[in-house]
Amino acid sequence: MSRMWYAVVSTADWRYVMKIVVAPDVQHVAEAAFKVMKNTVSEKKDAVLGLATGSSPEGLYALMAKDHSENGTSYQDVVTYNLDEYVGLPQNHPQSYYTFMHEKLFQYIDVKEENIHIPCGCAQDEEKACHDYENMLAKVRIDLQVLGIGSDGHIAFNEPGTPFDSLVHLVHLKQQTIHDNARFFDHDESKVPTMAITTGLADIMRCRKIILIATGANKAQAVHDMVKGLVSTSCPASILQRHPDTVVFLDEAAASKL
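Note that the sequence shown covers residues 1 to 258 in this note's numbering.
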């Protein structure tokens, strides 16, 4: 059974409750997060979804695909915006986030291709690509944003030190991120792209509701710093303490330092 407790963070200017759901294992984490996703798309047929890549949301996406197949939950009018993309990988590269999203989710649901938005990591003018993606995000408000968290506390590719007012931008990935992501590139750090386009922290904070998924002991310190640490750019995820509607889904290992 999942258990829920509340981390209350307050100052003289704001008081929000970050809801923490701790589940016994990865599958129960995915199931708990899926309930929020299912409620969102059931209540609002044209919901705007912010989506993440990496291992953290894979269980959620598998349940979305299963639910669509078995229950007919429709994404036909849903619009999606992904958080980030590697710079320099062709769109059809096995490790591009475009490929990831289509292999893990989009091919299994009825979302329209024209409603899918992913930053362009192979544009000739990378700064223009950032500007264009920010212009798209500025015209919408994401109803539900899915996040993971890096072992150094990054969300999307907003590495430690990223200003809280950042918008879509080009980022040089930290060595820790390259090391962590090498598992997707035959455990060869030299194959991991060193740059990415990422949605900024200010963009993420505009989202109506956020769900963050973290599993494994290697995320425990980052989760602790996000929930109980000072709000600081040294842990970009700590800015979520100032978001009015964030739910964090953890397994026991990721919650072990709370």
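Glycine is no exception: its CB is placed at the ideal position from the N, C-alpha and C atoms.
Quantities reported herein were computed from a predicted structural model and do not represent experimental measurements.
Beta-ladder partner(s) of residue i, from DSSP
i	result
Gln145	Gly50 and Ile210
Leu170	Ile197
Val140	Bridge partners of Val140: none, in fact.
Asp84	Thr198
Thr246	Ile210
Ile155	Asn158
Per-residue DSSP class, three states only, for residue i
i	result
His187	coil
Leu89	coil
Thr198	strand
His179	helix
Asp251	strand
His117	strand
Ile109	coil
Ala12	Confidence at Ala12 is low in this model, with a pLDDT of 45, below 50, so the placement of that residue should be treated as unreliable; the coordinate-derived value is given next. Note: Ala12 maps to coil in three-state DSSP.
Val79	strand
Val223	helix
Asp165	coil
Ser232	coil
Ser256	coil
Thr215	coil
Cys130	helix
Asp125	coil
Gln259	Residue 259 lies beyond the residue range present for the chain, which begins at 1 and ends at 258; the question has no answer from this structure.
Candidates the options: closest to residue i by CA position
i	options	result
Leu167	Asn181, Met136 and Tyr61	Met136
Ala214	Pro160, Thr80, Ala253 and Ala47	Ala253
Leu147	Val29, Ala196 and Val248	Val248
Leu258	Gln221, Lys38 and Gln241	Gln221
Phe106	Asp132, Ile142, Leu144 and Glu58	Glu58
Gln145	Thr40, Val21 and Leu51	Leu51
Lys209	Asp125, Glu103, Val36 and Ser96	Val36
Asp203	Val21, Val192 and His243	His243
Leu60	Ser42, Lys38 and Ile239	Lys38
Asp143	Ile239, Thr40, Val111 and Asp125	Thr40
Tyr97	Phe164, Val26, Val22 and Phe157	Phe157
Tyr16	Leu250, Glu103 and Asp245	Asp245
Ser238	Glu159, His169 and Ala217	Glu159
Ser263	Ala33, Thr99 and Val223	Residue 263 cannot be examined here, being either before or after the span of the chain that is shown, 1 to 258.
Gln27	Gly216, Thr233, Leu240 and Ser234	Gly216
Thr73	Ser56, Lys44 and His93	Lys44
Thr233	Pro163, Leu89, Thr53 and Ala123	Pro163
Gln95	Lys19, Pro236 and Thr53	Thr53
Phe34	Asn218, Pro236 and Ile211	Ile211
Interface flag, residue i vs chain C, CB-CB below 9 Å
i	result
Ser232	Absent from the structure: chain C. Only one protein chain is present.
Quiz item: Do the region 109 to 123 and the region 221 to 229 touch if we need at least three Cβ pairs shorter than 8 Å?
Solution: Because the criterion of three Cβ pairs below 8 Å is not met, the region 109 to 123 and the region 221 to 229 do not touch.
Self-check item: Inter-stretch contact at 8 Å, needing at least 3 Cβ pairs: the region 137 to 154 / the region 184 to 195
Solution: Here the region 137 to 154 makes no contact with the region 184 to 195; the two share fewer than three CB pairs at distances below 8 Å.
Self-check item: Complete alpha helix (DSSP H) runs within the region 22 to 75 (minimum length 4 residues, chain order)
Solution: The region 22 to 75 is shown to contain whole alpha helix (DSSP H) runs of 4 or more residues at 26 to 43 and 58 to 71, in chain order.
Practice problem: Could you tell me whether the region 78 to 95 touches the region 59 to 66, where touching means 3 or more Cβ pairs closer than 8 Å? | Solution: Fewer than three beta-carbon pairs drawn from the region 78 to 95 and the region 59 to 66 are found closer than 8 Å, and the two stretches are therefore not classed as touching.
Quiz item: Are at least three pairs of beta-carbons, each pair with one atom in the region 162 to 176 and one in the region 192 to 199, less than 8 Å apart?
Solution: Touching, per the Cβ criterion.
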